[in-house]
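Engineer: Would you mind keeping the following structure in view while I ask a few things?
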Amino acid sequence: EYVQGGEPKTRPIDLLDLSPDTDVIALVEEIQKGEPLITASCKEYVINLVRRLQEKLGEQEDHKFYLFKVLRAHMLPLTNVAFNKSGSRFITGSYDRTCKVWDTASGEELRTLEGHRNVVFAIAFNNPYGDKIATGSFDNTCKLWSTETGKCYYTFRGHTAEIVCLSFNLQSTLVATGSMDTTAKLWDIEKGEEVVTLSGHSAEIITLSFNTTGDRIITGSFDNTVAVWEVVTGRMLHTLIGHRGEISSAQFNWDCSLIVTGSMDKTCMLWNAMTGAHIATLTGHSDEILDVCFDYAGQRIATASADGKVWLCHLCYLREIMISMNEPGTPPFLCVFVFL
């Protein structure tokens, strides 16, 4: 935290490479090169903070989880839940056509966002800032709200069918919506205007995600493909073809080099984000894969399946094989999951 113009400010610093073996002093010195806020006077304080985090990482504990609260949130079933980056707030969407904002620690309902005329299905904070909320509805619209006041800034209209997924870019300048009308749209959240329509899929778009730099977005569809798009122009750069069932989830890793996709065909696939080349097929689930994600360090992939299992794959093994794939003619490989 720091003070600017008399106002307290917070600037997050991601320590994705921190491990029990990291040279803390060297790490802080490297961060200091790109962070003018870390001056010589506070360097020692930052080093101590990072060392405390490092000690915590090194602790071998059995983490126990327990039921914290049960919230009777809505009159009708929930569709989605999302946290802000700090975890201090979360939101819920529902078939009752509303989105509610909650205080995580107390379980108190802070406000209800009302205005949609059908199911509120897709919801998100504009993390890491968390001052705005987007809601996508079966009424074919997306609304942009103030987290603090509940004011609706804009209603984005243009889709001709239900909105089932949405996402902010990390820079919090755009929100993307995916629809059952087979298109995705990008919206300017300051002007409240449509920027571009992404057309090219032959079936419903069920998932979408920006990369961290905000210059690419991926869309996954029930046409069994994932498309990679250039954000500025709306041009389709690559089509990722290989799954034999509908796409359920797709994500970039943090450094934007890889894309992971999950499908109803029970497999997870890994792709080169720059070229669109297929790198690996990860198998082992006995039922549909419903969701996939990278960890923040980009070292692991997690998959959640209708078979009731969550599986982890360590990318350190995959990366060793990827190096050998630089030779022309080297085919993609098959990797069987190891359950952890």
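Residues in the sequence shown are numbered from 1 upward in steps of one, following full-length UniProt numbering.
Where a beta carbon is used, it is the ideal one built from N, C-alpha and C, also for glycine.
Just checking my contact of K266 with I301 at CB under 8 Å: how many whole Å lie between their CB atoms?
Structural biologist: For the purposes of this step, residue 266 is taken as the residue at position 266 of the sequence shown. For the purposes of this step, residue 301 is taken as the residue at position 301 of the sequence shown. That belief does not hold up - the Cβ atoms of K266 and I301 are roughly 15 Å apart, past 8 Å.
Engineer: Does DSSP put S167 in a helix, a strand or coil?
Structural biologist: Position 167 of the sequence shown, counted from the first residue, corresponds to residue 167. The answer is strand: DSSP assigns S167 an E or B state.
Engineer: To the nearest angstrom, how far is the alpha carbon of R52 from that of S19?
Structural biologist: Position 52 of the sequence shown, counted from the start, is the residue given in the question as residue 52. Position 19 of the sequence shown, counted from the start, is the residue given in the question as residue 19. For R52 and S19, the distance between alpha carbons rounds to 12 Å.
Engineer: CA-CA distance, I133 and D21?
Structural biologist: To locate residue 133, count along the sequence shown from 1; it is residue 133. To locate residue 21, count along the sequence shown from 1; it is residue 21. Taking the straight line from one Cα to the other gives about 39 Å.
Engineer: Rounded to whole angstroms, what's the CA-CA distance from S88 to A203? Just pull it up for me.
Structural biologist: Sequence index remark: in the sequence shown, residue 88 carries index 88 (1-based). Sequence index remark: in the sequence shown, residue 203 carries index 203 (1-based). Near 37 Å, if we compare the C-alpha coordinates of A203 and S88.
Engineer: Return the Cβ separation of I259 and L282 in integer angstroms, given the expectation that the two are a contact with Cβ distance under 8 Å.
Structural biologist: One-based indexing of the sequence shown puts residue 259 at position 259. One-based indexing of the sequence shown puts residue 282 at position 282. The Cβ separation is near 13 Å, so there is no contact.
Engineer: Excluding the 5 residues preceding and the 5 following L340 in the sequence, name in chain order all residues of the same chain whose CB lies nearer than 7 Å to its CB.
Structural biologist: As a first step, residue 340 must be located in the sequence shown, where it is residue number 340. Legend: pLDDT at L340 = 37, less than 50; position of this residue unreliable, no value from coordinates given.
Engineer: For F65, count the other beta carbons within 10 Å of its own beta carbon; 16 or more makes it buried, fewer makes it exposed. Which is it?
Structural biologist: Residue mapping note: residue 65 aligns to position 65 of the sequence shown, counting from 1. Exposed, since its Cβ has fewer than 16 Cβ neighbours within 10 Å.
Engineer: Taking all protein chains shown into account, do 16 or more other C-beta atoms lie within 10 angstroms of the C-beta of T112, making it buried, or fewer, making it exposed?
Structural biologist: As a position in the sequence shown, residue 112 is number 112, starting the count at 1. Exposed, because fewer than 16 other Cβ atoms sit within 10 Å of the Cβ of T112.
Engineer: Check whether the Cβ of K69 lies closer than 9 Å to any Cβ atom in chain B.
Structural biologist: You won't find chain B in this structure, because it holds only one protein chain.
Engineer: Check the C-beta distance from H201 over to T213 and give it rounded, since I have them as a contact under 8 Å.
Structural biologist: For the purposes of this step, residue 201 is taken as residue 201 along the sequence shown, with counting starting at 1. For the purposes of this step, residue 213 is taken as residue 213 along the sequence shown, with counting starting at 1. About 23 Å separates the beta carbons of H201 and T213, which is beyond the 8 Å limit, so they are not a contact pair.
Engineer: So, N127 versus K85, is the Cβ gap smaller than 9 Å?
Structural biologist: For the purposes of this step, residue 127 is taken as residue 127 along the sequence shown, with counting starting at 1. For the purposes of this step, residue 85 is taken as residue 85 along the sequence shown, with counting starting at 1. For N127 and K85, yes; Cβs fall inside 9 Å.
Engineer: Quick check on DSSP: helix, strand or coil for G214?
Structural biologist: Start at 1 with the first residue of the sequence shown, and residue 214 comes out as number 214. DSSP places G214 in coil when its eight states are reduced to three.
Engineer: Would you mind reading off the limits of the beta strand (DSSP E) that contains K143?
Structural biologist: Locating residue 143 in the sequence shown gives position 143, counting from the first residue. Unbroken beta strand (DSSP E) run through K143: C142 to S146.
Engineer: Here's the rule I'm using: 16 or more other beta-carbon atoms within 10 Å means buried, otherwise exposed. How should E162 be labelled?
Structural biologist: Numbered from 1 along the sequence shown, position 162 holds the residue referred to as residue 162. Burial call: buried.
Engineer: Nearest to M236 by alpha carbon, out of G107, V70 and R216?
Structural biologist: Locating residue 236 in the sequence shown gives position 236, counting from the first residue. Considering only alpha carbons, the answer is R216.
Engineer: With 16 other CB atoms within 10 Å as the buried threshold, where does T182 fall?
Structural biologist: Here residue 182 is taken as the residue at index 182 of the sequence shown, counted from 1. Buried: at least 16 other Cβ atoms inside 10 Å.
Engineer: Looking at G136 and C142, is the spacing between their C-beta atoms short of 9 Å?
Structural biologist: As a position in the sequence shown, residue 142 is number 142, starting the count at 1. As a position in the sequence shown, residue 136 is number 136, starting the count at 1. The Cβ atoms of C142 and G136 sit closer than 9 Å to each other.
Engineer: If contacts are defined as beta-carbon pairs under 8 Å, then A73 and A124 qualify, I think. What distance do you get, rounded to the angstrom?
Structural biologist: Within the sequence shown, numbered from 1, the residue matching residue 73 stands at position 73. Within the sequence shown, numbered from 1, the residue matching residue 124 stands at position 124. Rounded, the Cβ-Cβ distance is 17 Å, inconsistent with contact.
Engineer: Measuring only the C-alpha atoms, how far is W254 from L270?
Structural biologist: Looking up residue 254 in the sequence shown gives position 254. Looking up residue 270 in the sequence shown gives position 270. W254 and L270: Cα-Cα distance of roughly 14 Å.
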